[in-house]
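Chemist: The numbers in the numbering used here rise by one with no breaks, and the one at position 56 of the sequence shown is 56.
Shown below is the structure under consideration.
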Amino acid sequence: MAKNKKMMLGLDKRGRVDMELLPNRLCNYMVDHGFHGRCIAEKTGLTVGQVYYRARICEVHLRDYRDGIGKEAVLIIKNFKVRNVNAA
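In structure tokens form, the structure reads like this:
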């Protein structure tokens, strides 16, 4: 069941990506600030493939130079809280 929830995260009722949902907006924000796809996936609850797909939809390229442990990265991450789908 948890796998299905993760697959549906960020999608509307028709199964399409809804860029107005919080995980997708956070994903785009973090992509714009150069976070690594794996770091974005961990913070938003999306899979790495979903992160890259959402970046491609918005025509933004992941720079993959920030892993989320730098001073600026930590400040950006603290501003946003998304409920982790994997948490029990």
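We treat Cβ as the ideally placed atom computed from N, Cα and C, and that holds for glycine.
All of these numbers come straight from a predicted model, not from anything done at the bench.
DSSP on L11, reduced to helix/strand/coil?
Modeler: Translated into the one-based positions of the sequence shown, residue 11 becomes position 11. Strand.
Chemist: Please state whether DSSP places L75 in a helix, a strand or coil.
Modeler: Position 75 of the sequence shown, counted from the first residue, corresponds to residue 75. Helix at L75.
Chemist: Relative to the C-alpha of K78, which candidate in R25, K43, K13, L62 has its C-alpha closest?
Modeler: By 1-based counting over the sequence shown, the position of residue 78 is 78. Closest option to K78, Cα to Cα, is K43.
Chemist: Alpha carbon to alpha carbon, what distance is there between A41 and T47?
Modeler: As a position in the sequence shown, residue 47 is number 47, starting the count at 1. As a position in the sequence shown, residue 41 is number 41, starting the count at 1. Rounded to the nearest angstrom, the two C-alpha atoms are 5 Å apart.
Chemist: What residue from Y52, G45, V60, H36 has the CA that sits closest to A73's CA?
Modeler: Sequence index remark: in the sequence shown, residue 73 carries index 73 (1-based). If we check each option's Cα against that of A73, H36 comes out closest.
Chemist: From V31 to M19, what distance separates their C-alpha atoms?
Modeler: For the purposes of this step, residue 31 is identified with residue 31 of the sequence shown, where counting begins at 1. For the purposes of this step, residue 19 is identified with residue 19 of the sequence shown, where counting begins at 1. Cα-Cα distance, rounded: 13 Å.
Chemist: Bridge partners of V17, per DSSP?
Modeler: By 1-based counting over the sequence shown, the position of residue 17 is 17. L11.
Chemist: Quick check on the DSSP output: the alpha helix (DSSP H) that includes G37 runs from which residue to which?
Modeler: Sequence index remark: in the sequence shown, residue 37 carries index 37 (1-based). Per DSSP, G37 belongs to the alpha helix (DSSP H) from 37 to 44.
Chemist: Which residue wins for smallest C-alpha separation from L75, given the options V17, H33, L21?
Modeler: The residue given as residue 75 occupies position 75 in the sequence shown. Closest by alpha carbon: H33.
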